[in-house]
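Enquirer:
Protein chains: 2
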Amino acid sequence: MSSDNPETRKRILKSALTLLEASRGKGVRMTDIAKRAGITRQALYLHFSTRAELLIATTFYLDEVKGAEERLVPSRTARSGIERLDAYIEAWGAYIPEIHGIAKALLAMRDTDDAAAKAWDERMQDMRQGCEAAIDALNRDNMLSPDHSPNQATDILWTMLSVRNWEQLTLECAWPQERYIETLKSLARRIFVADGP
Amino acid sequence: MSSDNPETRKRILKSALTLLEASRGKGVRMTDIAKRAGITRQALYLHFSTRAELLIATTFYLDEVKGAEERLVPSRTARSGIERLDAYIEAWGAYIPEIHGIAKALLAMRDTDDAAAKAWDERMQDMRQGCEAAIDALNRDNMLSPDHSPNQATDILWTMLSVRNWEQLTLECAWPQERYIETLKSLARRIFVADGP
DNA sequence: CTTCTCACTTGACACCGTGTCAATTGACAC
DNA sequence: GTGTCAATTGACACGGTGTCAAGTGAGAAG
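For the record, the sequence lines run as chains G and B. Going by numbering that gives the first Met the number 0, the first sequence opens with residue 0, and the numbers climb by one from there. Going by numbering that gives the first Met the number 0, the second sequence opens with residue 0, and the numbers climb by one from there.
1) Using a cut-off of 7 angstroms between C-beta atoms, extract the partners of Gln167/B located in chain G.
2) Nearest by alpha-carbon distance to Asp112/G: which of Trp174/G, Glu20/G, Arg10/G, Glu52/G is it?
3) Can you tell me whether DSSP reads Val162/B as helix, strand or coil?
4) If we count the other Cβ atoms within 10 Å of its Cβ and call it buried at 16 or more, is Arg83/G buried or exposed?
5) Within the continuous alpha helix (DSSP H) that includes Asp125/B, where are the two ends?
6) If you count every other CB in all the chains shown that lies within 10 Å of the CB of Phe47/G, and 16 or more means buried, which is it?
7) How is Val192/G classed by DSSP in three states: helix, strand or coil?
8) Throw me the rounded Cβ distance for the Lys25/G and Asp120/B pair, which I believe falls under 8 angstroms.
9) Find the nearest neighbour of Pro96/G within the set Phe191/G, Ala187/G, Ala21/G, Ser74/G, judged by alpha-carbon distance.
10) Could I get the ranges of all uninterrupted alpha helix (DSSP H) runs contained in the stretch 25-112 of chain B, with 4 residues as the minimum, in chain order?
11) With burial defined as no fewer than 16 other Cβ atoms inside 10 Å of the residue's Cβ, what is the status of Ser148/B: buried or exposed?
12) Using a Cβ-Cβ cut-off of less than 9 angstroms, give me the residues of the stretch 88-119 of chain G that come near chain B, in sequence order.
13) For Ser74/G, which residues from the same chain have a beta carbon less than 6 angstroms from its beta carbon, with the 5 sequence-adjacent residues on both sides left out?
14) Give the straight-line distance between the Cα atoms of Gly66/B and Tyr60/B, rounded to the nearest whole angstrom.
15) Give the straight-line distance between the Cα atoms of Arg122/B and Leu156/B, rounded to the nearest whole angstrom.
16) Name the one or two DSSP bridge partners that Leu143/B has.
17) Just to confirm the assignment, what range does the alpha helix (DSSP H) spanning Leu19/G have?
18) Could you check if Asp154/G is buried or exposed, using at least 16 other CB atoms within 10 Å of its CB as the buried criterion?
19) For a cutoff of 7 angstroms on Cβ pairs, would you count Asp31/G as touching chain B?
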């Protein structure tokens with residue numbers, strides 16, 4: 000539960016992170032994480048009651064390490080809707096490859112584990128808020144294409160920016176990360192920004 | 000292997016299909032399929048050497064039952080690129096909900112089972128060909144937006160039409176199927192069809 | 001009527017990964 | 001010294017897949 004050494008806890012999280020990053024989320028077992036942290040498998044359960052719990056804790060650790068919050072500053076301080084949209088896509092798009100391993104592992108548990116599903120969905124709802132904010136900013140500028148309501152536009156942007164789509168484009172279609180970002184920005188403009196007067 | 004009753008085989012495939020459709024692909028075990036087919040779990044292995052193999056066979060059975068091939072006729076016989084694009088999105092978009100259960104089950108195995116991964120990827124390559132054909136048709140009409148090479152346009156269309164995106168929009172965003180189809184058609188036009196002269 | 005074949009059954013077992021438990025060790029603290 | 005506490009050791013349960021050997025029962029063939 001909670002009567003434990005915080006140093007070990009951190010070592011476990013670090014190990015989980017490293018392994019998940021290295022293996023792109025596939026086939027990382029409790030045994031592997033324990034071994035890498037220099038403890039026994041059973042000892043993991045002194046710190047995390049479940050594999051799902053460990054993975055979830057790892058995502059928070061990851062956010063902390065990678066400065067998830069600060070990355071959003073440019074988008075929050077953007078001076079126009081278009082700028083905000085661009086900044087958000089850049090920030091999130093650059094974040095995906097960094098979280099990909101753990102994201103994939105959590106995503107794989109989503110279908111079978113309720114806690115994992117809840118955690119993942121919450122994160123995606125957070126992400127959706129970012130999309131919503133960008134669309135709202137565009138709308139406030141009267142730049143949102145009349146083809147879409149703000150809500151539907153948000154749904155579309157949120158879907159475009161999914162981790163799965165990033166996987167497909169960069170890993171399966173072999174797009175360089177750079178092109179992924181540029182193309183998504185240009186698609187978003189084309190889809191969401193109203194045509195000239 | 001192959002010394003068996005084809006009637007039983009069909010009964011197994013039917014059972015698998017029904018269960019996968021009903022449960023949206025989640026948690027369908029060999030035991031369940033066997034029970035529903037009225038045989039023992041072990042007898043399944045007289046017909047399919049592996050769970051993956053059974054699932055894969057089920058996809059082919061599904062295609063046969065649902066007439067996968069005929070659905071593509073309208074897109075193949077389209078008289079313009081735009082028409083072909085529309086027809087393809089309509090055909091594939093309408094197919095997804097019908098294959099969703101089995102698709103999800105196969106997708107879930109993709110990460111852990113090589114045979115499942117291969118089968119899924121092949122199917123997705125097939126689907127990609129449909130995308131490519133539509134983009135090529137557009138290009139032949141000189142209607143493909145200069146923003147994208149045919150290859151990149153294919154990548155984008157292929158990604159837009161992924162099963163995961165359908166899931167997200169219809170199940171998570173609660174879009175009615177109708178809206179899914181209409182919106183995807185309109186997005187595709189906006190993205191791929193060149194602006195006026 | 002017997003005998004052979006063949007699909008299927010029965011019951012057992014192996015493997016893997018997760019999760020649990022009881023007993024033990026070793027360090028540090030009072 | 002005695003207690004505390006994190007961690008170890010070794011064992012076991014569970015669920016799901018896959019395997020195996022022996023048995024059953026029905027139909028075909030002699």
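Beta carbons are placed, not taken as given, at the ideal position from N, Cα and C, and that holds for glycine.
Expert: In short:
1) Thr158, Ser161
2) Glu52/G
3) helix
4) buried
5) 113-139
6) buried
7) strand
8) About 15 angstroms separates the two Cβ atoms, so there is no contact after all.
9) Ala21/G
10) The stretch 25-112 of chain B contains these whole alpha helix (DSSP H) runs: 29-36, 40-46, 50-65, 72-75, 80-109.
11) exposed
12) Lys103, Ala107, Asp110, Thr111
13) Closer than 6 angstroms at the Cβ level, and outside the excluded window around Ser74/G, lie Arg83, Ala86, Tyr87, Ala90.
14) Looking at the two C-alpha atoms, the distance is approximately 10 angstroms.
15) 16 angstroms
16) According to DSSP, which records beta bridges pairwise, Leu143/B is partnered with Val192/B.
17) 5-21
18) buried
19) no
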